[in-house]
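*Asks:*
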Amino acid sequence: MSNIREKILKAANTSLEERDLAELQINELCQLANVSRTSFYREFKNLDDLGAALATQIGKDILREAAQAADTLTDPRERLFQFIRRVATDSQSHRFLRWEKSLATKLIQRENGLGLAVFFDVLGPVITRCQQDGALRGDLRTEEIADWLLRQWWLLSNLPLRNSAGREALDRYIQVFIVDALRPADASGSGSEDVHNKLDQILDKLRYL
1 MSNIREKILK AANTSLEERD LAELQINELC QLANVSRTSF YREFKNLDDL
51 GAALATQIGK DILREAAQAA DTLTDPRERL FQFIRRVATD SQSHRFLRWE
101 KSLATKLIQR ENGLGLAVFF DVLGPVITRC QQDGALRGDL RTEEIADWLL
151 RQWWLLSNLP LRNSAGREAL DRYIQVFIVD ALRPADASGS GSEDVHNKLD
201 QILDKLRYL
């Protein structure tokens, strides 16, 4: 990443703590970053392009930090659970993702042309390790699991966590629709076959989208 691009992203991140992306002014942003408008347009096509880059950077940082924290846990299923939980809660704590998550998703999909696959380089190794440790199903491709987890990421970041009921709802969802649904069949508890079958049906539909 160029020094100019890094300075612009840092300035935008600071500015978005107090305002929305649509309220940003390029001149003001360039002044804050101490760069020229010409330099801005060398790095970004417009504010939407900047927003996509910022959302991608924030998202990757959240995934990396969650992966590092979960990596200290020895139980593979607990590692997966805490990884997803950290991703969801950290996303809610970041104003840009909390208030503009739908916009952030659209920007990433449109500007990168790769959809949420831009996060696969960070998420892929986490999934591979969980598969090797027996926490994730081996009959699903890593890309399919990544797609499912990323879809759940945006959904989970909408759950209210202001009280214990909200946090309990988040934990239940993660346990049932991620940890249990993606757990190898021979390691699953009773009643998980229905969850597996339901997930398989959903994944089959997603393959044709």
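Counted from 1, the sequence shown has number 203 at position 203 by UniProt numbering; the numbering is strictly sequential.
Idealized CB from N, CA, C, for every residue including glycine.
Nothing here was measured: the structure is a model prediction, and the numbers come from that model.
1. Hey, quick one: how far does the alpha helix (DSSP H) through Leu155 stretch, first residue to last?
2. Can you look up Ala181 in the DSSP assignment and give me helix, strand or coil?
3. Taking Asn3 as part of the alpha helix (DSSP H), name the residues at either end of that continuous run.
4. Judging by CA-CA distance, which residue of Phe44, Glu18 and Asn13 is the nearest neighbour of Asp61?
5. Just the Cα atoms here: how many angstroms apart are Arg42 and Ala165?
6. With distances taken between CB atoms, is the gap from Phe44 to Val179 smaller than 8 angstroms?
7. Just checking: is the beta-carbon of Tyr173 within a distance shorter than 8 angstroms of some beta-carbon in chain D?
8. So, Leu63 versus Val35, is the Cβ gap smaller than 8 angstroms?
9. DSSP on Asp71, reduced to helix/strand/coil?
10. What is the residue span of the alpha helix (DSSP H) that Asn27 lies within?
11. Taking the continuous alpha helix (DSSP H) assigned at Phe81, which residues delimit it?
12. When you compare only the Cα positions, how much space is there between Ile8 and Leu24?
13. Taking all protein chains shown into account, do 16 or more other C-beta atoms lie within 10 angstroms of the C-beta of Ser15, making it buried, or fewer, making it exposed?
14. Can you give me the start and stop residues for the alpha helix (DSSP H) that Gln131 sits inside?
15. Does DSSP put Ala169 in a helix, in a strand, or in coil?
16. Is Leu170 closer than 8 angstroms to Leu182 when the C-beta atoms are compared?
17. Whose C-alpha, out of Gly51, Leu47 and Phe177, is nearest the C-alpha of Leu149?
18. Can you give the beta carbon distance from Ala66 to Phe83, rounded, assuming they're within the 8 angstroms contact cut?
*Replies:* Reading off the structure:
1. Here residue 155 refers to the residue found at position 155 of the sequence shown. Thr142 to Leu156 is the extent of the alpha helix (DSSP H) around Leu155.
2. Here residue 181 is taken as the residue at index 181 of the sequence shown, counted from 1. Ala181 falls in the coil class under three-state DSSP.
3. For the purposes of this step, residue 3 is identified with residue 3 of the sequence shown, where counting begins at 1. Counting along the chain, the alpha helix (DSSP H) containing Asn3 begins and ends at Asn3 to Ser15.
4. As a working mapping, residue 61 is identified with position 61 in the sequence shown. The residue with the shortest Cα to Cα distance from Asp61 is Asn13.
5. Along the sequence shown, one-based indexing puts residue 42 at 42. Along the sequence shown, one-based indexing puts residue 165 at 165. In a straight line, the C-alpha of Arg42 is about 48 angstroms away from that of Ala165.
6. One-based indexing of the sequence shown puts residue 44 at position 44. One-based indexing of the sequence shown puts residue 179 at position 179. Against a cut-off of 8 angstroms, the Cβ pair of Val179 and Phe44 comes out as no contact.
7. Checking the listed chains, one finds no chain D in this structure; it contains a single protein chain.
8. Working through the sequence shown from its first residue, we reach residue 63 at position 63. Working through the sequence shown from its first residue, we reach residue 35 at position 35. In this structure, Val35 does not lie closer than 8 angstroms to Leu63 by Cβ.
9. On the sequence shown, residue 71 is found 71 positions in, with the first residue counted as 1. It is coil, neither helix nor strand.
10. As a working note, residue 27 is residue 27 in the sequence shown. Unbroken alpha helix (DSSP H) run through Asn27: Ile26 to Ala33.
11. In the sequence shown, residue 81 corresponds to position 81, counting from 1. Segment Pro76 to Ser93, the alpha helix (DSSP H) holding Phe81.
12. As a first step, residue 8 is located in the sequence shown; it is residue number 8 there, counting from the start. As a first step, residue 24 is located in the sequence shown; it is residue number 24 there, counting from the start. Looking at the two C-alpha atoms, the distance is approximately 12 angstroms.
13. Residue numbering aside, residue 15 sits at position 15 when the sequence shown is read from its first letter. Buried, by the Cβ-count rule.
14. Along the sequence shown, read from residue 1 onward, the residue named residue 131 stands at position 131. Element bounds for Gln131: Phe120 to Gln132.
15. The sequence position of residue 169 within the sequence shown is 169, counting from 1. Three-state result, Ala169: helix.
16. Within the sequence shown, numbered from 1, the residue matching residue 182 stands at position 182. Within the sequence shown, numbered from 1, the residue matching residue 170 stands at position 170. Against a cut-off of 8 angstroms, the Cβ pair of Leu170 and Leu182 comes out as no contact.
17. Residue numbering aside, residue 149 sits at position 149 when the sequence shown is read from its first letter. Nearest option by C-alpha distance: Phe177.
18. As a position in the sequence shown, residue 66 is number 66, starting the count at 1. As a position in the sequence shown, residue 83 is number 83, starting the count at 1. With 8 angstroms as the limit, Ala66 and Phe83 qualify as a contact, their Cβ atoms being about 5 angstroms apart.
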